[in-house]
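A quick write-up on the structure given underneath.
Numbering (this note's numbering), first residue to last: 412 to 658.
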């Protein structure tokens with residue numbers, strides 16, 4: 412029945428999303444205890460970009476094509492693109508404003524933008540929990556690696572605003588909980604939903620992840636001096652998810 416399938420989807424979503432939430436906390440703590448150097452940060456960014464792109468190409472996009480809901484998928488993808496471009500524009504505008512280096516002010520713009528991003532990631536986990544164990548696991552692995560990096564970078568950014576290490580960790584770790592909120596709410600609302608609605612939400616999430624790879628992970632990764640090894644990490648990440656999908 413619908414109630415049973417909904418309860419099962421929520422339970423699976425709660426289990427899956429525990430890994431990204433833990434990754435956010437771990438990334439936050441590592442960032443203040445032993446912050447990674449530029450090369451390691453770039454390597455993680457390359458690897459995460461390959462992982463997320465492989466999940467898109469191997470799991471999410473093929474599912475959308477096979478469902479046969481092209482119109483709904485296009486609408487969802489367009490909506491996701493519009494949301495992410497808007498968030499990106501808002502973020503650039505906030506970053507362009509002069510900041511007082513001595514002020515320990517919580518950067519609300521950064522927190523809101525990251526919170527929305529993590530909420531969308533959680534929603535994708537919730538949707539994947541209604542599709543099947545394989546899709547849910549692959550998408551969760553990709554998002555866990557992505558959110559580990561987000562935990563690292565957000566905590567570092569918060570420290571640079573003048574906040575204490577403890578407050579930075581608490582805020583960054585708390586943001587990880589928005590992923591759990593998105594996953595559980597998504598599973599509750601979308602369990603038993605029509606294929607058209609699932610296609611729309613999946614396409615929306617795919618656009619958000621594609622934006623993350625192209626406009627954030629790879630852009631920031633290339634801010635450092637590029638090497639053959641760093642470039643290879645992208646393909647290692649892609650192959651890792653591709654092989655896991657086949658296994």
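No residue lacks a Cβ here, since even glycine has one placed at the ideal position from N, Cα and C. Quick caveat: nothing in here was measured; it's all calculated off a predicted structure.
Problem set entry | Separation of residue 658 from residue 481, as counted between CA atoms | 29 Å
Problem set entry | For residue 565 and residue 525, the rounded distance between their alpha carbons | The straight-line gap separating the alpha-carbon atoms of residue 525 and residue 565 is approximately 8 Å.
For this session: Count the C-beta pairs between the region 570–585 and the region 435–444 that are closer than 8 Å, then say yes if the count reaches three, no if not.
Result: Put simply, the region 570–585 touches the region 435–444. At least three CB pairs are less than 8 Å apart.
Exercise. Does the distance from the C-beta atom of residue 527 to that of residue 431 stay below 8 Å?
Worked result: Contact flag unset, no.
Exercise. With respect to the alpha helix (DSSP H) encompassing residue 575, which residues constitute its N-terminal and C-terminal limits?
Worked result: Careful: residue 575 lies outside any alpha helix (DSSP H) and carries neither H nor E.
Problem set entry | Spatial neighbours of residue 647 in its chain, beta-carbon cut-off 8 Å, leaving aside the 5 residues before and after | 458 and 461
Exercise. So is residue 536 buried or exposed if we call it buried at 16+ other beta carbons inside 10 Å?
Worked result: buried
Exercise. Is the region 447–456 touching the region 605–618 in the sense that three or more CB pairs, one from each, lie closer than 8 Å?
Worked result: no
For this session: If I'm right that residue 550 touches residue 470 with Cβ under 8 Å, what's the distance once you round it to whole angstroms?
Result: The pair is a contact, with the Cβ atoms about 6 Å apart (cut-off 8 Å).
Problem set entry | 7 Å CB neighbourhood of residue 580 in its chain, flanking five on each side removed | 439, 440, 443 and 566
Problem set entry | Through-space distance from residue 541 to residue 632, alpha-carbon basis | 33 Å
Exercise. Unbroken alpha helix (DSSP H) runs of length 4 or more, entirely within the region 560–620: which are they?
Worked result: 576–601
Exercise. Apart from the five residues just before and just after residue 589, which ones in its own chain have a Cβ nearer than 6 Å to its Cβ?
Worked result: 526, 529 and 530
Exercise. Alpha carbon to alpha carbon, how far is residue 476 from residue 561?
Worked result: Cα-Cα distance, rounded: 30 Å.
For this session: Report yes if the C-beta distance between residue 553 and residue 466 is below 8 Å; otherwise report no.
Result: yes
Exercise. According to DSSP, is residue 540 helix, strand or coil?
Worked result: DSSP places residue 540 in the coil class of the three-state scheme, outside both helix and strand.
Exercise. Residue 479 by DSSP, collapsed to three states: which one?
Worked result: coil
Problem set entry | Given residue 534 as reference, the closest of 420, 504 and 655 once Cα atoms are compared | 420
For this session: Please classify residue 422: is it buried, with 16 or more other beta-carbons within 10 angstroms of its beta-carbon, or exposed?
Result: exposed
Exercise. What span of residues does the alpha helix (DSSP H) with residue 461 cover, start to end?
Worked result: Its alpha helix (DSSP H) spans residues 449–466.
Exercise. What residues in its chain sit with their C-beta under 6 Å from that of residue 455, if we drop five residues either side in the sequence?
Worked result: 560
Problem set entry | Closest by C-alpha distance to residue 418, when choosing among 597, 619 and 630 | 597
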